[in-house]
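Just so we're on the same page, the numbering used here is the position in the sequence shown counted from 1, plus 2.
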Amino acid sequence: MAVVTQYVVIRDGAEKMTFTSKAEADAHDKILDMAEALNPLIKSSELFTDEQQLEDMALFLAKERESILIALGAKKPKKPKTEKTSTEKTEVSKPADKESTKAA
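So, in structure tokens, the structure goes:
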């Protein structure tokens, strides 16, 4: 018999999602908190009359938080990491021989 630990995100008495990692469950819960906070702001725009569209937009914006912060200039984009391959090794110069410099 296997034992499985599950983390369940529950909102307003309803089970939203189940995760196998606490970190994933906490991250999803944080997204739901952000979406809930964005709801009144989006509603005040009066661009969405359908409640489901309003909730979908709030959830989308919460999930895309990093991109939005970059677009607003509040955060700098991550620079892509450049990795050196084995063919890009740099050569170290060797010091000149004392004998070869004296012969001249």
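Beta carbons are placed, not taken as given, at the ideal position from N, Cα and C, and that holds for glycine.
- Lys65 sits in a helix when the DSSP states are folded into three classes.
- At a cut-off of 4 residues, the continuous stretches assigned as alpha helix (DSSP H) that sit fully inside the region 13–52 are 24–46.
- Between the beta-carbon of Ile33 and that of Ala64 there is about 5 Å, and that keeps the pair under the 8 Å contact cut.
- Three or more pairs of CB atoms, one per stretch, sit closer than 8 Å, so the region 4–16 contacts the region 26–40.
- In the DSSP assignment, Val6 is bridged to no other residue.
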